Amino acid sequence: METFCPISDQFSDQIASLLNPPPPLQVQVYFDELTATRQCDGLKVKPNGEYGKGVYAEKNFKEGDLILKDKMLVGAQHSSNKIDCLVCSYCFRFIGSIELQIGRKLYWRDLGVSTDECERKEFLHIERDCYNSDPSDEEDYSDAEDRKDIGGCSSSSSKSKISIPKDVIESLMNGDLRLPYSEEFPLPSTVSCPGGCKEAYYCSPSCAHADWEEFHSLLCTGKGSKALSTEALLKFIQHANETNDIFLPAAKVISFTILRYRKFKEDWLSGKGKYDTSGKCDFSFLLEAWKPVSMGYKKRWWDCIALPDDVHHSDEAAFRLQIKELANKSLQLLKAAIFDQECKPLFSLEIYGHIIGMFELNNLDLVVESPLENYFLHIDDLPSSEKREAEQITRPLLDALGDDYSICCQGTAFFPLQSCMNHSCEPNAKAFKREEDLDGQATIIALQPIQKGEEITISYIDEDLPVEERQASLADYGFRCRCRRCLEEEQSKA
């Protein structure tokens, strides 16, 4: 098995240092500093003897109170979801306009492409053109007829007999057609990628700059990319979208760490750095760059991934080997695209497997509500005369969009503070987006009164399931729940 990745053998000591849990004091300092930067007054991350660490209330919370808004460390929109939702590639806020959002959905629907029958599965297959949408005011859609043979995913709504003329769709996308009352649902204008790729768009120059500095400069496929090979990068992206798009946030973690490493080293060489190399040369910079990632709970992906229902236990070893081979293929493609000799340990299969495993074990779904939901509800709530007039324009569009008109932005993300919250089958808090929560931050709301000193818990699963099914679901996370509810239900069945 070791022949998968020679780097794992060559840098075994450094890899072990990267993967070793940080000292408790370092963990406490890190999370104390992190909570100071978040909208989370009244929280404390503390050691938890049973589960490593937990989040505790430092004040009383009432039912419905906002407990936490947690900015993700790294996240990625599901590739298939990009067809339906144009969002900022950094904060995941919807961008453009109501008209552009509707126009894009109709455009892809007319090409026979949608996510409706393409729910993200363990092995997602979708053609590159199906996820590589290029919406912008300058975009030329005149080649739509040439792309009607795109493979991939068909939409149930494409079976509808409602058809919108091509010129209307183009007018929606180009901004020539304004829908009634859309000005009451303004969206940020689209800002293009500074590297010139046609895959990343932003809600503001600040988000574009932040993404470029933290992640995207190494993962951009445009002319301004800092990648070693954009051709290899395109192959990596295609592989991720043909197999499992969890590789995309994993690549962002690698890019994030490399860019932080370069910044720390550059600052130190110029005399601005505050990090002492302590005689350990460049590896000290790599350890410091890796620190935010080191705080996440990790296991190797092929060890912790749940065994699918259609795989017999006798075939488990072969299945896990297949997953490891898949990860290795992805890693080799990524290595060809963004390899950095000074950060070589990051390109070991051991590190890559643990990064993917971190998402498998800790991720909270990235969800941002579509503004189309509220837009069409607003039209429906208008006084009769105004409603009739507006619906002459909007009703054909809504009928053409079908039931999936308001698909949310969906993806995978790692939230550093939310990931410290332990599970309970009778949680006192939950992830819940309010109307004012328009970006990809995790929002945690109190389900009941929480007293100062009490641990804040959320549910990792559907807590309405019977106890046996809950325990089976939680086995994927590597533990058996011993909350009061589980103990009582198990005792009643004994």
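Under this note's numbering, think of the first position of the sequence shown as 49, with each following residue one higher. Where a beta carbon is used, it is the ideal one built from N, C-alpha and C, also for glycine. Keep in mind the model is a prediction, meaning the values are calculated, not measured.
Would DSSP call Glu-14 helix, strand or coil? Summary: the structure shown does not reach residue 14, with the chain confined to residues 49 through 542, and so no result is reported for it.
Out of curiosity, what's the CA-to-CA distance linking Glu-517 and Cys-531? Between the C-alpha atoms of Glu-517 and Cys-531 there is a straight-line separation of about 15 angstroms.
Alpha carbon to alpha carbon, how far is Ala-477 from Ile-115? Give it in angstroms, no decimals. Ile-115 and Ala-477 have their alpha carbons spaced roughly 8 angstroms apart.
Gln-539 - partner residues in DSSP beta bridges: Looking at the DSSP assignment, Gln-539 forms no beta bridge with any residue, so it has no partner.
Measuring CA to CA, which of Met-343, Lys-107, Cys-88, Arg-368 is closest to Gln-74? Ranking Met-343, Lys-107, Cys-88, Arg-368 by Cα distance to Gln-74 puts Met-343 first.
For Gly-102, does the three-state DSSP call read helix, strand or coil? Here Gly-102 sits in strand by DSSP.
Using CA coordinates, which residue listed in Pro-253, Asp-413, Pro-444 is at the minimum distance from Phe-424? Checking every option, the nearest Cα to that of Phe-424 belongs to Pro-444.
Can you tell me where the beta strand (DSSP E) with Pro-95 in it begins and where it stops? Element bounds for Pro-95: 91 to 96.
Determine, using beta-carbon pairs with one atom in the region 101 to 112 and one in the region 209 to 223, whether at least three such pairs fall under 8 angstroms. These segments do not touch.
Does the separation of the CB atoms of Asp-459 and Gln-149 fall below 8 angstroms? According to the sequence displayed, residue 459 carries Gly and not Asp. Contact flag unset, no.
Taking a contact to mean a Cβ-Cβ separation below 8 angstroms, would you say Ser-303 touches Phe-263 in this structure? For the pair Ser-303 and Phe-263, the CB atoms are nearer than the 8 angstroms cut-off.
Grab the span of the beta strand (DSSP E) containing Phe-462 for me, first residue to last. For Phe-462, the enclosing beta strand (DSSP E) begins and ends at 457 to 462.
Grab me the residues of Gln-87's own chain with a C-beta within less than 8 angstroms of its C-beta, minus the 5 sequence neighbours each way, in chain order. Once the five neighbours on either side are set aside, the close Cβ partners of Gln-87 are Leu-114, Leu-116, Lys-117.
Is it buried or exposed, Pro-69, if we count other Cβ atoms within 10 angstroms and call 16 or more buried? Counting Cβ neighbours within 10 Å, Pro-69 comes out exposed, since fewer than 16 surround it.
Would Cys-55 and Phe-395 be called neighbours here (beta carbons separated by less than 8 angstroms)? According to the sequence as given, residue 55 is Ile; it is not Cys. In terms of Cβ geometry, Ile-55 and Phe-395 form a close pair [threshold 8 angstroms].
Would Gly-123 be called buried (16 or more neighbouring beta carbons within 10 Å of its own) or exposed? Looking at its Cβ environment, which holds 16 or more other Cβ atoms inside 10 Å, Gly-123 is buried.
Which word fits Pro-393, buried or exposed, when buried means at least 16 other C-beta atoms lie within 10 angstroms of its C-beta? A buried status is given to Pro-393, since no fewer than 16 other beta-carbon atoms sit within 10 Å of its beta-carbon.
Tell whether a beta-carbon distance below 8 angstroms holds between Glu-147 and Ser-230. The Cβ atoms of Glu-147 and Ser-230 sit closer than 8 angstroms to each other.
Are there 16 or more other CB atoms within 10 angstroms of the CB of Lys-320, so buried, or fewer, so exposed? Exposed: under 16 other Cβ atoms inside 10 Å.
So, helix, strand or coil for Phe-387, using DSSP? Coil, per DSSP.
Since Cys-136 contacts Cys-251 with CB under 8 angstroms, what's their CB separation in whole angstroms? In this structure Cys-136 is in contact with Cys-251, their Cβ atoms being roughly 4 angstroms apart against a cut-off of 8 angstroms.
Helix, strand or coil for Asp-293 per DSSP? In the three-state reduction of the DSSP assignment, Asp-293 falls in the coil class, being assigned neither a helical nor a strand state.
Can the beta-carbon of Ile-217 be found less than 8 angstroms from the beta-carbon of Gly-160? Gly-160 is positioned such that its CB atom lies no closer than 8 angstroms to that of Ile-217.
Using the C-alpha atoms, what's the distance from Ser-432 back to Leu-296? Counting only the Cα atoms, Ser-432 lies some 48 angstroms from Leu-296.
Once you ignore the five residues that flank Leu-282 on each side, which residues in its own chain have a CB closer than 7 angstroms to its CB? Thr-269, listed in sequence order.
Would you give the residue range spanned by the alpha helix (DSSP H) that Thr-491 belongs to? Not the alpha helix (DSSP H): Thr-491 falls in the beta strand (DSSP E), residues 490 to 494.
Mind reading off the beta-carbon distance from Gly-223 to Gly-243? Whole number of angstroms is fine, and I expect it under 8 angstroms. Actually they are not in contact, since the Cβ atoms of Gly-223 and Gly-243 sit about 25 angstroms apart, beyond 8 angstroms.
Between Cys-457 and Asp-487, what straight-line distance do the alpha-carbon atoms span, to the nearest angstrom? Answer to the nearest angstrom: the Cα atoms are 10 angstroms apart.
Supposed contact pair Trp-338 and Gly-401 - C-beta distance, whole angstroms, cut 8 angstroms: The beta carbons of Gly-401 and Trp-338 sit about 15 angstroms from each other, so the pair does not count as a contact at 8 angstroms.
For Asn-470, which three-state DSSP category applies? Looking at Asn-470 - three-state DSSP - the assignment turns out to be strand.
Is Leu-235 helix, strand or coil by DSSP? For Leu-235, the secondary structure class from DSSP, reduced to helix, strand or coil, is coil.
Would you tell me roughly how many angstroms separate the C-alpha atoms of Gly-90 and Val-103, rounded to the nearest one? Answer to the nearest angstrom: the Cα atoms are 10 angstroms apart.
Measure the Cβ-Cβ separation of Ser-277 and Leu-307 and say whether it is below 8 angstroms. No; because the gap between Cβ atoms is not below 8 angstroms, this pair is not in contact.
Three-state class that DSSP yields for Lys-311 in the structure shown: Helix at Lys-311.
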